[in-house]
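Trainee: Residue 32 in our numbering sits at position 33 of the sequence shown; the count goes up by one each step and never skips. Ideal Cβ placement from N, Cα and C applies to all residues, glycine included.
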Amino acid sequence: MSIPEKYEDVERWAFGDTERQADELAKLVLDGVKTATCANLDGEGIAQPGDIFVVVDGKNKPVCAIELTTTEMTTFDQVGEAHALAEGEGDKTLAYWRNEHKRFFEEYDLFSPDMTLVLMHFKVIEKF
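(1) Among Arg102, Gln77, Glu23, Asp90, whose alpha-carbon lies nearest the alpha-carbon of Leu168?
(2) For Phe52, which residues does DSSP report across the bridge?
(3) Measure how close the beta-carbons of Leu67 and Asp50 come, nearest whole angstrom, since I'm counting them as under 8 Å.
(4) Which value, in whole angstroms, describes the spacing of the CA atoms of Thr74 and Met114?
(5) Would a C-beta distance cut-off of 8 Å place Glu18 and Lys58 closer than the cut-off?
(6) Nearest to Gln20 by alpha carbon, out of Gln47, Ser1, Gly87, Gly42?
(7) What are the start and end residues of the alpha helix (DSSP H) that includes Leu109?
(8) If we call anything under 8 Å between Cβ atoms a contact, is Pro48 one with Thr34?
(9) Considering only the beta carbon of each residue, do Val55 and Ala64 sit closer than 8 Å?
(10) Residues in the same chain with beta-carbon distance under 6 Å from Val123, minus the five sequence neighbours each way, listed in chain order, please.
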């Protein structure tokens, strides 16, 4: 199925770092379990509330459009339980979130406990 034309040029996001993980996390978004994500602060600029992205699965197939509702910056070691729960991954605990995200950022040589993260909450605005 193709996506609506209005989303053709919208930036695409795959969550996770494997095809399987991207599939699982896209399903959590569609099911309303995953309503947040985070990214390391880089030179690309910071996404803002109202920004729209297309979520793709592990095969880069669009599954839905999301709109950011809030963004905030904090350090890795200051991320709390509420954000871990909103990310909806694993057992939804902060311990799981920290382990998984530490592994992810270490893979890209980005990790430090005081690294700045952009925490983003979103809502699904259209499913494909």
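Mentor: Well, looking at it:
(1) Here the chain covers residues 0 to 127 and nothing more, so residue 168 does not appear.
(2) Ile65
(3) For Leu67 against Asp50, the beta-carbon gap comes to about 5 Å, under 8 Å, which counts as contact.
(4) Each residue's Cα considered, the two are about 5 Å apart.
(5) At the C-beta level, Glu18 and Lys58 come within 8 Å of one another.
(6) Gly87
(7) Leu109 -> no alpha helix (DSSP H), and no H or E assigned at all.
(8) no
(9) Contact: no.
(10) Cys63, Ile65
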